[in-house]
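Each number in my numbering corresponds to the 1-based position in the sequence shown with 35 added.
A virtual CB, placed ideally from N, CA and C, is assigned to each residue, including glycine.
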Amino acid sequence: MAASVQCSNTKLVVWGLVLVILSILSMLVGVVKGAHWPMVVCASVSVLLFLLLFVVVFTKTAAQARPDTADAMEMQKEQHCVWAACKFGELEACTRPVFSLLLVKNDPGPSDSSDLDNIVTWTTLTTVGHRLTGAISCQRACACCLEDYHMDSDVALLPCGHIYHQECIARWCVASGKAASCPTCRTSFDQVSETIMAI
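Quick look at the structure:
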C-alpha cells in the first residue's frame with residue numbers, strides 16, 4: 036500500500052513539474068513576442084492547475100494515511116479450530132492423535148495497549164473424529180515465533196501434520212481475520228461446519 040501511495044504521489048509531482056515548466060515557457064513566449072495578456076492568462080491557469088494538483092495530492096495522502104476501520108478491527112473476537120494438543124516430546128510416539136474442536140477467543144487488554152498485549156485463550160469443546168491428512172512434521176522450531184521446541188512444550192498438531200506452539204497458533208487463528216489456515220501450507224483447520232455436523 037505504501038508503494039502505491041508513493042507511486043501515485045510521484046506521478047502527481049511529475050505533473051506539477053510539467054505545469055511549472057509550461058508556465059515558464061508561456062511567460063518566455065509572452066516576453067519574447069511582447070504580448071503581456073497571453074502571459075498573464077497562461078501563468079494564472081498554470082498556477083490554478085498547480086494549486087488544484089496540490090489539493091489532490093494532499094487529500095489523497097491524508098485519506099491513505101488514516102487507518103482503515105476494517106484493518107483496525109482485523110483481529111476477530113473468536114474462532115473455531117481443530118487441532119490435537121500434546122507435548123512435543125510425545126509426538127514421535129503419537130500414531131493416532133486425538134483432534135479436538137476448540138474455541139479460540141481474543142480478549143483485548145486495556146484500550147491503550149498494543150495488539151501484542153491481547154490475551155488469547157482457547158477452550159476444548161469436544162473431540163472429533165478427524166484424521167491426520169499428512170505426515171507429522173519433523174520441524175524443530177515453531178514457524179510462528181521461530182523458537183525451538185522443548186520436550187515439554189505444549190504444541191498443537193494441525194490436521195495437515197504441521198506443529199506449532201499452542202499459543203502461537205491460537206494467536207494466528209484470531210489474527211488472520213478469515214478462516215483459520217496453517218501458516219506453512221495454508222490448509223484450513225477450522226472445518227466447523229463438517230465438525231459440528233459430525234457431533
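- DSSP places Val155 inside the beta strand (DSSP E), whose first and last residues are 154 to 163.
- Look at Ser216 here: in three-state DSSP terms it is strand.
- Per DSSP, the continuous beta strand (DSSP E) segment holding Cys116 begins and ends at 113 to 122.
- A direct Cα-to-Cα measurement between Lys95 and Leu47 gives close to 11 Å.
- The continuous alpha helix (DSSP H) containing Ala205 extends over residues 201 to 210.
- Annotated three-state conformation of Leu137 is strand, per DSSP.
- Beta-bridge annotation (DSSP): Ala170 is not paired with any residue.
- Secondary structure note for Leu192: its beta strand (DSSP E) is the uninterrupted segment 189 to 192.
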